[in-house]
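One point on numbering: in this note's numbering, the residue at position 82 of the sequence shown is 84, and numbering is uninterrupted. C-beta: ideal position from N, C-alpha, C; glycine also. All values derive from a computational prediction rather than experimental measurement.
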Amino acid sequence: MHINPAVFFPTAIIAFAVILFSLIAPEASADLFAGLRSGAVAHFDWFFMMSGNLLLIFCVVVALSPLGKIRLGGKGATPDYSRLSWFAMLFGAGMGIGLVFYGVGEPVTHFTSSMAGGSAAPLGGAVGDAQAARSIAMAATIFDWALHPWAIFAVTGLALALFSFDFNMPLSMRSAFYPLFGKAVWGRTGDVIEVLAVLATIFGLATSLGLGAQQAMAGIVYLYGVTSSSLTILALIAVMAGITFLSIRGGIDRGIRILSEVNMWVAFALLVFVLTTGSTLQLIGDLATNIVNYLKFLPALSNPVGRTDTGFYNDWSVYYWAWWISWAPFVGMFMARISLGRTVREFIAGAMIAPSLLGILWLTIFGDASIAQIVAGNGADLAKASLDTQLFVLLGTLPWAQFTSFVAIGLILIFFVTGWDSGTLVIDTMTAGGRTDTLLRQKTIWLVAVGGIGIVLLLSGGLTSLQAGAIATGLPLALVLLCMCLGTLRGLLALHRNPDCSGNI
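Now the structure itself:
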């Protein structure tokens, strides 16, 4: 096995200890994770929000500066994938499964909260004003899914790609800190960075897999009347584990790339169906309106000081920021692996703007279609449904409900596999010192660890435990990402001053 023992064994021991503890004492583990979440949110909500703001500003400044012209891998480097395949893999590995889970539920939740007012309403809501409440609800939803999270991913991906392709360093988080700590990154300092990154990735990915399994199971129950139980959820995840194993065997080209492209087209077809069977012209008009409202409310939504909408701010935005940060090593490393030959400006634009626009399109079509039904008086079941079934309730109001709901379940499961697959490959790379040629059985260890944590947290504490795991590991990693910006800036400036300094900094 090709491993870095100082990273592999601590993370493996912690991962399997969490699984064991959750199996032996499910109630105690649920209480522990709930306490971790409440403590992190209560004391560090401002830090999560400011970190996201600073990472976004860093990406914009670098992309617009002369540093944006630097090509990852050198002037002669060419991309390994077409732009279409590249976008599909970025989006599929990034947040596809989360958008499917929250694409209906979050806009509906924010709309009903805005109509009612109170601390759960984004920016205080707009009590009794349906149009204003819709505008705030969609702006708040888009805020949680658009530029900020993709900037968090882009910072990590850019750093990893830069130091791997241009400075011939291992594809690992520690490499980005070489300009700050020098050779110490190859010792315990680097090991600590890697362990934090791997643990955050495991819990962030486990959260996503838990959401996917929960929603897919809810769809199967809703459509076919199957009884939901621990056994049926385990059976579903076991089947997905088998498919993910086959995808890992196929590698990026024969596994993730093919599944990502299939998923992109299936998601696009489902989106077009909802668009054309609803108020098409209205939804198209809502797209531009939502972008304008998002930009209009962006400063207020990004502000961490003096918030009165603490219910929304802490339960949604802060949770999301912690989740995105915990995902950053996973998504960033995957972005880096597939982005050789892109310029820094193209990388940041591709990693931030294109996925953000796709996310806004998805949220507009599904979110506004759902809100329109509630405003029209036809959405009582939709408003009362749980988060994991709201997508299927919406599809149930449209033609061919059985077929489209079946397609939606398939979409969730393919996102499930691509996320699990790419996450496993990234964790394996991080624990192998940046190597990508490890043995299949080594990758299988991490496939089982990630799946195991997702299962035990889902069954022992549900969504709360999943979210708490992401928040607890995302907190220290936020500081790591901020420091990573400094290392990346030094590397880019070195290349800008001397394009032939590859291998030296």
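To the nearest angstrom, report how far apart residue i and residue j are at their CA atoms.
| i | j | result |
| --- | --- | --- |
| residue 419 | residue 249 | 8 Å |
| residue 241 | residue 52 | 40 Å |
| residue 319 | residue 188 | 35 Å |
| residue 445 | residue 263 | 23 Å |
| residue 329 | residue 206 | 5 Å |
| residue 218 | residue 231 | 13 Å |
| residue 488 | residue 181 | 8 Å |
| residue 407 | residue 394 | 6 Å |
| residue 312 | residue 214 | 27 Å |
| residue 294 | residue 9 | 45 Å |
| residue 344 | residue 92 | 14 Å |
| residue 18 | residue 122 | 36 Å |
| residue 244 | residue 40 | 36 Å |
| residue 125 | residue 42 | 22 Å |
| residue 136 | residue 116 | 8 Å |
| residue 192 | residue 167 | 19 Å |
| residue 222 | residue 370 | 25 Å |
Using 10 angstroms around the beta-carbon of residue i, count the other beta-carbons present and answer buried if the total reaches 16, otherwise exposed.
| i | result |
| --- | --- |
| residue 386 | exposed |
| residue 71 | exposed |
| residue 170 | exposed |
| residue 336 | buried |
| residue 150 | buried |
| residue 1 | Any property of residue 1 remains undetermined from this structure, which presents the chain solely from 3 to 507. |
| residue 226 | exposed |
| residue 430 | buried |
| residue 271 | exposed |
| residue 388 | exposed |
| residue 67 | exposed |
| residue 13 | buried |
| residue 48 | exposed |
| residue 74 | buried |
| residue 6 | buried |
| residue 297 | exposed |
State the CB to CB distance for the pair residue i and residue j, rounded to an integer number of angstroms; the pair is presumed to be in contact (CB under 8 Å).
| i | j | result |
| --- | --- | --- |
| residue 21 | residue 473 | Actually they do not touch by this definition, with Cβ atoms about 19 Å apart. |
| residue 113 | residue 376 | 7 Å |
| residue 2 | residue 154 | Since the first residue of the chain shown is 3 and the last is 507, residue 2 is not available in this structure. |
| residue 350 | residue 156 | 5 Å |
| residue 325 | residue 209 | 6 Å |
| residue 384 | residue 392 | 6 Å |
| residue 300 | residue 479 | Actually they do not touch by this definition, with Cβ atoms about 24 Å apart. |
| residue 486 | residue 174 | Going by Cβ atoms, the distance from residue 486 to residue 174 rounds to 12 Å, so no, they are not a contact pair. |
| residue 476 | residue 35 | About 13 Å; that fails the 8 Å criterion. |
Return the residue from the list the options that minimises the CA-CA distance to residue i.
| i | options | result |
| --- | --- | --- |
| residue 164 | 195, 79, 201 | 79 |
| residue 46 | 501, 481, 490 | 481 |
| residue 307 | 496, 458, 443, 55 | 55 |
| residue 59 | 111, 17, 491, 278 | 491 |
| residue 516 | 451, 10, 148 | Absent from the model: residue 516. The displayed extent of the chain is 3 to 507, so no value can be given. |
| residue 422 | 450, 158, 120 | 450 |
| residue 355 | 260, 65, 50, 273 | 65 |
| residue 190 | 485, 435, 493 | 435 |
| residue 284 | 373, 110, 485 | 373 |
| residue 108 | 402, 132, 352, 366 | 366 |
| residue 224 | 57, 237, 403, 146 | 403 |
| residue 280 | 82, 315, 368 | 368 |
| residue 162 | 448, 457, 452, 428 | 428 |
| residue 417 | 82, 30, 201, 212 | 212 |
Residue i bridges to which residues according to DSSP?
| i | result |
| --- | --- |
| residue 73 | 345 |
Does the beta carbon of residue i fall short of 7 Å from some heavy atom of the ligand MG?
| i | result |
| --- | --- |
| residue 60 | Summarising the ligand content, the structure contains no ligands, and the ligand MG is consequently not present. |
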